[in-house]
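What follows is a short report on a single structure.
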Amino acid sequence: MINIKTPSEIKIMDMANKIVNTALSEVEKRISPGVRASQLNEVAENVVRKFGAKPAFKGYNGYKYSICVSVNDEIVHGLPEKNKVIKDGDIVSIDFGVLYNGYYGDAARTVIVGDVGQPVRDFVKTAEDAFYAGVSRMKAGNRIGDISNAIQTLVESRGYGVVRDLVGHGIGTALHEDPPVPNYGKPGTGPDIVEGMVLAIEPMITMGDFRVLYDSDGWTTRTYDGKLSAHFEYSVAVVDGGYYILGIN
Ligand code: MF3
Ligand code: CO
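First residue of the sequence shown: 394, per the numbering used here; consecutive thereafter.
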């Protein structure tokens with residue numbers, strides 16, 4: 394069932410996502426060679442505490458941390474453990490969610506550490522470009538498959554892979570609500586997009602094969618071929634005439 398949100402619910406979700414994006418920016422500032430992923434987790438926890446919100450991932454299906462820190466070939470759900478030390482030349486995907494006044498916020502970005510060279514810069518930028526290609530199709534009257542197809546077309550036109558195992562999602566009083574939002578698909582298919590929908594749009598892309606492997610920790614998801622992966626996510630509302638990215642103004 395797809396839950397449609399009222400303007401006042403969207404306002405609360407805007408605030409929830411402001412907290413998420415503030416925390417991600419604070420975490421991003423701390424990312425540099427030598428920093429431990431566990432320290433990044435603390436940075437995010439301090440920000441949510443200050444705002445009186447709760448970290449959304451902690452306790453989710455038994456997940457023990459507040460953020461996910463996925464380095465290089467790790468796609469998502471990397472654990473922010475002490476022995477995960479950031480190095481020069483890494484690309485680091487950080488993913489964070491909160492619960493605020495009964496509503497969830499969820500966002501992610503990939504940060505470049507030091508010198509990586511232009512091909513990797515272009516690759517990381519493509520995750521963000523794919524997000525915007527997707528949301529540009531997010532308006533009442535379109536279908537979910539229009540978003541999916543726009544993301545896939547952009548990513549594949551640049552020669553990269555789109556992860557199929559993991560998808561975007563509705564978000565609201567639950568972290569994951571209907572509908573699923575795949576990052577690949579056919580235009581004109583899937584549920585209708587209607588005003589008041591809120592979706593977490595989150596392309597996960599790879600520099601090679603789109604297939605994934607799951608680590609024995611039960612969480613870390615990485616590329617099958619060991620190539621780099623990037624992730625970009627915001628929660629986005631369908632509003633009169635188009636879309637509204639939550640928590641960025
Ligand atoms: N942010 C992830 C998503 O968008 C959820 C991670 S939940 C966790 O779906 F528990 F794995 F952290
Ligand atoms: Co999400």
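A virtual CB, placed ideally from N, CA and C, is assigned to each residue, including glycine.
Predicted model only: the values in this text are computed from it and were never measured.
Item, Value
"Three-way DSSP call (helix, strand, coil) for ASN465 in this model", "coil"
"Extent of the continuous alpha helix (DSSP H) to which PHE444 belongs", "430 to 444"
"For GLY561, three-class secondary structure by DSSP", "strand"
"Check whether THR616 and GLY601 have beta carbons under 8 Å apart", "yes"
"Cβ-Cβ distance between ILE479 and PRO512 below 8 Å", "no"
"DSSP-derived helix/strand/coil call for TYR637", "strand"
"Inter-residue Cα distance where the pair is GLY635 and TYR607", "37 Å"
"The stretch 522 to 537 / the stretch 501 to 512 touching (three or more Cβ pairs under 8 Å)", "no"
"beta-carbon ALA593 near ligand 2 non-hydrogen atom, thresh 7 Å", "yes"
"Near ligand 1: TYR456 beta-carbon under 7 Å from a heavy atom", "yes"
"ASP571 Cβ short of 7 Å to ligand 2 heavy atom set", "no"
"Beta-bridge partners of ILE594, as assigned by DSSP", "TYR627"
"Whole-angstrom distance between GLU626 and ILE599, CA atom to CA atom", "Note that residue 599 corresponds to Thr in the displayed sequence, not to Ile. For THR599 and GLU626, the distance between alpha carbons rounds to 15 Å."
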